[in-house]
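So the sequence lines, in the order shown, correspond to chains A and B. So for the first sequence, my numbering puts the first residue at 1; every next one is plus one. So for the second sequence, my numbering puts the first residue at 1001; every next one is plus one. The beta carbon of each residue, even a glycine, is placed where N, CA and C say it ideally should be. Quick notes on the structure that follows.
Number of protein chains: 2
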Amino acid sequence: MLRGRFLLEPIRSRDNTYVKELAGLLGSRKNRDRSGLFALEGLRLCLDAAGSGLPVKQLFLTPRAAACWPETEELVRAAERTLWITEELAGRIADTKSTQGIFCVCPKLDNQKCAVTIKGSGKYLLLHQLQDPGNLGTILRAAQAMGVDGVFADGCPDLYAPKVLRASMGSLFRLPVSDRDAAEAVIARLEAAGVPVYAAALAPGARPVDEADLSGGCAVLIGNEGDGLPDGLIRACAAAVVIPMAPGANSLNAASAAAILLWEMTRKRP
Amino acid sequence: MLRGRFLLEPIRSRDNTYVKELAGLLGSRKNRDRSGLFALEGLRLCLDAAGSGLPVKQLFLTPRAAACWPETEELVRAAERTLWITEELAGRIADTKSTQGIFCVCPKLDNQKCAVTIKGSGKYLLLHQLQDPGNLGTILRAAQAMGVDGVFADGCPDLYAPKVLRASMGSLFRLPVSDRDAAEAVIARLEAAGVPVYAAALAPGARPVDEADLSGGCAVLIGNEGDGLPDGLIRACAAAVVIPMAPGANSLNAASAAAILLWEMTRKRP
């Protein structure tokens, strides 16, 4: 069945309407925001999106990709429209250095899915002005692995940026994430629901995280890689917590710190 | 004093002997292995190296870097030789996209410093065939922050590669790290010293890490990002441990997993 499709000459030009749209969605947040669509690259991410029930509007494949990965058949079945592109064009569009030649265009998750429902016994992660897309994606992946009930991002890289999607390994499709509200408003909503919010910050009076009680419903707020959290946000939280470090050590990578905090929030207590 | 030095015209050419050496050390492990030297880029890393007592053989500065960061005076004092380079040359040599225009050449840490002394009550991290230099550096940074007694790396990226140094934030200068021995030999030495080695692996019989006892002297072995650990190495370990994950979650980034395991090894028990 796939073989039949090769009778169509693969697209070589960036001027093709669909290819232009794909490149625009990979390249800029403005295009994603305006259209409500986003683009994915790579077999695993595309399969993950389709497997999570996201409609695949367009699938782009190189003949080599179809020949190398039989799983692309699944994508062809899921896609509303499949387009063949040349190896050379795939390389020019790709966000990665050595592309597999597989791309999808999907509608962004709808508001319903993106909305995080707050419950008193829930575990939440708040992210404020993270800068690095790789960190954001890695943290989303860890949040899903640790089973938190939702993530709120404020002033972070676009959730649908290619680097975020890649580092998140598709966890965005399976994790309630909202990036619509300012951190102040989210903290107020959480506290109103009886969920204490802990700021991860070296603030006066900050408690070592292993002495804080994160066993019940709670949220942790993590700030910018270089500058941490602004004082106003720390004061809005129930308390500040720190990860105790060895003498002479100065810091942890934001994603490493998030992994430890997520683990402390969700691990079983003896 | 710095001003006087500006009377010398900054070097513009890659053909300068010292510039050639710098570019070679940034660019290839072979050059680092052959010469026993390595190169650092950026104010913070260079200050860190000098502050940790590493001899700075050559310091390269652009006039702009010297004007922007008064701390470069400290580097000039520490360096055996300071060379001025043009902005344009700095951009061409740099491993980063927007360079600060600050580079150092230092001798690699000597064997004495690199050697990890094994004690029965110690905490150790073993890394086997990690692939990503960023992951390796992030893990070294977390290992130093959590205060482990030493790290053994086997088949990982070069500890002195620019990306590793950048992600490690200079923790390499303050953490005993050895990359001379095969993992099998290290496991045997640790077990002989009474230090049980736990393989982080989804192997049959693997215990959830929160049910394993990592409170005493112990070591954790982490494998390749995509392929994990080979069966032979898992069998050589005392036991296998896993980080319990939420249903539907498939994996954690290697550095996130390492952060959680390092935390579990070193956190205070109630």
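Option in the options with minimal Cα separation from residue i
i	options	result
A:Gly-150	A:Leu-175, A:Leu-221, A:Cys-46	A:Leu-175
B:Val-1104	B:Leu-1026, B:Gly-1226, B:Asp-1231	The sequence shown places Cys at residue 1104 of chain B, rather than the Val named in the question. The candidate whose alpha carbon is nearest that of B:Cys-1104 is B:Leu-1026.
A:Ala-206	A:Ala-239, A:Cys-218, A:Leu-172	A:Ala-239
A:Leu-8	A:Leu-125, A:Asp-48, A:Leu-83	A:Leu-83
A:Asn-290	A:Arg-166, A:Gly-216, A:Lys-119	Residue 290 of chain A lies beyond the stretch modelled for chain A, which goes from 1 to 270, so this question has no answer here.
A:Ala-201	A:Val-164, A:Leu-127, A:Ser-168	A:Leu-127
B:Pro-1056	B:Pro-1063, B:Cys-1046, B:Ala-1065	As written in the sequence, residue 1056 of chain B is Val, which differs from the Pro given in the question. Looking at the Cα atoms, B:Cys-1046 is the closest of the given residues.
A:Cys-106	A:Tyr-18, A:Gly-147, A:Glu-87, A:Cys-156	A:Tyr-18
A:Ala-236	A:Asp-95, A:Thr-138, A:Gly-137, A:Ala-219	A:Ala-219
A:Gly-216	A:Ser-28, A:Pro-204, A:Tyr-198, A:Ala-203	A:Tyr-198
A:Ser-13	A:Arg-29, A:Ile-85, A:Arg-32	A:Ile-85
A:Gly-36	A:Tyr-160, A:Pro-247, A:Ile-187, A:Ala-182	A:Tyr-160
A:Ala-67	A:Leu-214, A:Ile-102, A:Glu-80	A:Ile-102
A:Gly-147	A:Thr-96, A:Asp-231, A:Trp-263	A:Trp-263
B:Ile-1234	B:Pro-1208, B:Ile-1187, B:Ser-1121, B:Asp-1210	B:Ile-1187
Extent of the continuous beta strand (DSSP E) run through residue i
i	result
B:Leu-1043	Where B:Leu-1043 is concerned, there is no enclosing beta strand (DSSP E), although the alpha helix (DSSP H) it sits in stretches over 1043 to 1051.
B:Ala-1193	Segment: none, B:Ala-1193 is in no beta strand (DSSP E) and carries neither H nor E.
B:Glu-1080	1079 to 1084
A:Gln-58	56 to 61
A:Gly-248	Per DSSP, A:Gly-248 belongs to no beta strand (DSSP E) and is neither H nor E.
B:Ala-1240	1239 to 1242
A:Pro-107	102 to 107
A:Ala-153	150 to 154
B:Lys-1123	1123 to 1128
Cα-Cα separation between residue i and residue j, rounded to whole angstroms
i	j	result
A:Pro-10	A:Ser-52	28 Å
A:Ala-23	A:Gln-100	16 Å
B:Met-1245	A:Lys-268	11 Å
A:Val-242	A:Leu-252	11 Å
A:Ala-255	A:Leu-140	9 Å
B:Arg-1034	B:Ser-1168	23 Å
B:Arg-1092	A:Asp-15	33 Å
B:Pro-1070	A:Ala-185	41 Å
A:Gly-155	A:Ala-183	9 Å
A:Lys-20	A:Ala-39	12 Å
B:Lys-1119	B:Ser-1171	21 Å
B:Leu-1190	B:Leu-1054	29 Å
B:Gln-1144	A:Thr-266	24 Å
B:Pro-1230	A:Pro-204	46 Å
A:Asp-272	A:Lys-30	Any answer about residue 272 of chain A is impossible in this case: the structure gives chain A only from 1 up to 270.
B:Ala-1094	B:Arg-1064	15 Å
A:Thr-62	B:Gly-1232	39 Å
B:Asp-1121	B:Ile-1260	According to the sequence shown, residue 1121 of chain B is Ser rather than Asp. Taking the straight line from one Cα to the other gives about 20 Å.
Buried/exposed call for residue i, threshold 16 Cβ in 10 Å
i	result
A:Gly-194	exposed
B:Gly-1042	buried
B:Lys-1123	buried
A:Arg-180	exposed
B:Ala-1257	buried
A:Pro-162	buried
B:Ala-1192	exposed
A:Asp-281	There is no way to answer for residue 281 of chain A, as the model of chain A reaches only from 1 to 270.
B:Gln-1112	Below a pLDDT of 50, predicted positions are generally treated as unreliable, and B:Gln-1112, at 48, falls in that range; the measurement from the model is reported next regardless. That one is exposed.
Where the alpha helix (DSSP H) through residue i begins and ends
i	result
A:Val-19	17 to 27
B:Leu-1089	1087 to 1093
A:Ala-219	Unbroken run through A:Ala-219 is the beta strand (DSSP E), 218 to 222; no alpha helix (DSSP H).
B:Pro-1010	Here B:Pro-1010 belongs to no alpha helix (DSSP H), and DSSP marks it neither H nor E.
B:Thr-965	The structure shown does not extend to residue 965 of chain B, since chain B is modelled only from 1001 to 1270, so the question has no answer here.
B:Asp-1213	Element bounds for B:Asp-1213: n/a, residue is neither H nor E.
Neighbour list for residue i in chain D, Cβ cutoff strictly below 7 Å
i	result
B:Asp-1213	In the structure shown, chain D does not exist; the protein chains are A and B.
- Message: I'd like to know if the segment 1124 to 1143 of chain B and the segment 1224 to 1235 of chain B are in contact, where contact means that at least 3 CB-CB pairs between them fall below 8 Å.
- Response: These segments touch.
- Quick one: any contact between the segment 1043 to 1050 of chain B and the segment 1068 to 1082 of chain B, if contact means 3 or more CB pairs under 8 Å? The segment 1043 to 1050 of chain B is in contact with the segment 1068 to 1082 of chain B.
- Task: Evaluate contact between the segment 1144 to 1159 of chain B and the segment 1171 to 1185 of chain B, counting only Cβ atoms and requiring at least three cross-stretch pairs below 8 Å.
- Result: The segment 1144 to 1159 of chain B, when compared against the segment 1171 to 1185 of chain B, does touch it at the 8 Å Cβ threshold.
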